[in-house]
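Undergrad: Residues -29 to -1, 1 to 237, numbered by mature numbering (1 follows the signal peptide of the UniProt record, and there is no 0), are exactly what the sequence shown covers, in order. Built from N, CA and C at the ideal position, the CB exists for glycine as well.
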Amino acid sequence: MQFLTILLKNSKKLLLSLFISGAVQIASAKGLPQEFYNIKDKELAKAYFLEHLYELIEQENIAILKEREFVIDVLNNKFLELQKDAELLAKLVEIKQKYNIQNIYSLEEYLKKIDVIPPSLALAQAAVESAWGKSRFVKEANNIFGHWTYDKEFGIIPKRRDQGASHFIRVFESLEASIKAYMLNLNRNEAYKSFQEQRYNNKEENQQISGLVLSKTMLNYSGIANKYLDILSKVILGNNLEEFDFRYFGKTEELNKSNLILTAGL
């Protein structure tokens, strides 16, 4: 259904903005803000879910870009300073370890791993893994993306866990923490190397990053393999999630243009 386009063109857009206003800045103790669970209209609830998570996804992408810009600046402009600036080197080492970088001085390796996650992909996976925010794992554990843990102190037992299985559903302090873990998972782990490579190649060829295209690299995210890829495609296309990519990357391009203008004026 083309529900998001319709909502943004009618009076529900105002209602949606009122629901979301202020809520994004406050980490929910358990799941999404309570007003989300009070919404009876299914499509309005979906739109709320998407808009609320989009803001959090955008915030984490901004944080990732700051790390990316730091690495580019250090390796391109401050390489010699690393030998005498312990603080600068320590920060680079911290990022290297965070993203599982093998060669601390390989800019290409950093660029492949430290980059944004297209909002449409993150939103589609959030919708699928959390049943559009209605899963008990969201309400009880702030877990949007189905992350597991084997430490019982940081997890809750799935109701349908197979006999003999020892995994738990990981508990997060906030939705922001869940999103941060999801993005780092895609960016650092070898299981998503094809995702990292394709995203990098698309940027090298000056192609727009597409969540729909990159969703085809999520084969290792779920045990249902190709069926999972089909589900992601249907969720992205059926709910116009590419609009969030256009919104995000359009805003990013405008910011880049503004920065270039400011830099040129110095």
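Using three-state DSSP, classify Ile150 as helix, strand or coil.
TA: helix
Undergrad: Relative to the C-alpha of Asn71, which candidate in Lys37, Glu40, Leu155 and Asn211 has its C-alpha closest?
TA: Comparing Cα-Cα distances from Asn71 to each of Lys37, Glu40, Leu155 and Asn211, the minimum goes to Leu155.
Undergrad: Which same chain residues, not among the five before or five after Leu59, have their C-beta less than 8 Å away from its C-beta?
TA: Taken in chain order, the residues that qualify are Val45, Lys49, Glu52 and Leu53.
Undergrad: Assuming Phe139 is part of the beta strand (DSSP E), what are its boundary residues?
TA: Phe139 to Arg141
Undergrad: Can you give the beta carbon distance from Ser186 to Leu94, rounded, assuming they're within the 8 Å contact cut?
TA: Not really, about 11 Å apart at Cβ, beyond 8 Å.
Undergrad: Excluding the 5 residues flanking Phe116 on each side, which residues of the same chain have their C-beta closer than 7 Å to its C-beta?
TA: Gln96, Ala97, Glu100, Ser149 and Tyr153
Undergrad: In terms of alpha-carbon separation, which member of Pro89, Ile140, Glu111 and Leu146 lies closest to Trp119?
TA: Distances from the CA of Trp119 to each of Pro89, Ile140, Glu111 and Leu146 were compared; the closest alpha carbon is that of Ile140.
Undergrad: May I ask which residues mark the beginning and end of the alpha helix (DSSP H) holding Ile66?
TA: Ile66 -> alpha helix (DSSP H) spans Ala57 to Lys69.
Undergrad: Would you list the residues sitting across from Trp119 in a DSSP beta bridge?
TA: Ile140
Undergrad: Whole angstroms are fine: how far does the CA of Gln167 sit from the CA of Ala(-7)?
TA: No answer about Ala(-7) holds up, because its pLDDT of 40 lies below 50 and its placement is not dependable.
Undergrad: Quick one: what does DSSP say Phe50 is sitting in, helix, strand or coil?
TA: Coil at Phe50, not helix or strand.
Undergrad: In chain order, what residues of the same chain have a beta carbon less than 8 Å from the beta carbon of Arg170, not counting five sequence neighbours either side?
TA: Lys83, Asp86, Ile180 and Leu185
Undergrad: Using CA coordinates, which residue listed in Phe108, Asn197, Asn172 and Glu6 is at the minimum distance from Glu80?
TA: Asn172
Undergrad: Quick check on DSSP: helix, strand or coil for Ala18?
TA: helix
Undergrad: Please name the residue in Lys55, Phe143 and Asp56 whose C-alpha comes closest to that of Lys110.
TA: Phe143
Undergrad: Since Glu147 contacts Leu27 with CB under 8 Å, what's their CB separation in whole angstroms?
TA: 6 Å
Undergrad: Quick one: what does DSSP say Gln5 is sitting in, helix, strand or coil?
TA: Helix, per DSSP.
Undergrad: Identify the continuous alpha helix (DSSP H) that holds Ser165 and give its terminal residues.
TA: Lys164 to Glu175
Undergrad: Apart from the five residues on each side of it in sequence, which residues of its chain come closer than 6 Å, Cβ to Cβ, to Lys1?
TA: Lys110
Undergrad: Our contact map puts Tyr25 next to Pro89 with C-beta atoms below 8 Å; I'd like the distance itself, whole angstroms only.
TA: So it is not a contact: roughly 11 Å between Cβ atoms.
Undergrad: Would you tell me roughly how many angstroms separate the C-alpha atoms of Ala34 and Lys198, rounded to the nearest one?
TA: 32 Å
Undergrad: Given a cut-off of 9 Å, decide if Leu36 and Tyr19 are closer than it, judged by their beta-carbon atoms.
TA: Here Tyr19 is not near Leu36, since their CB atoms are 9 Å or more apart.
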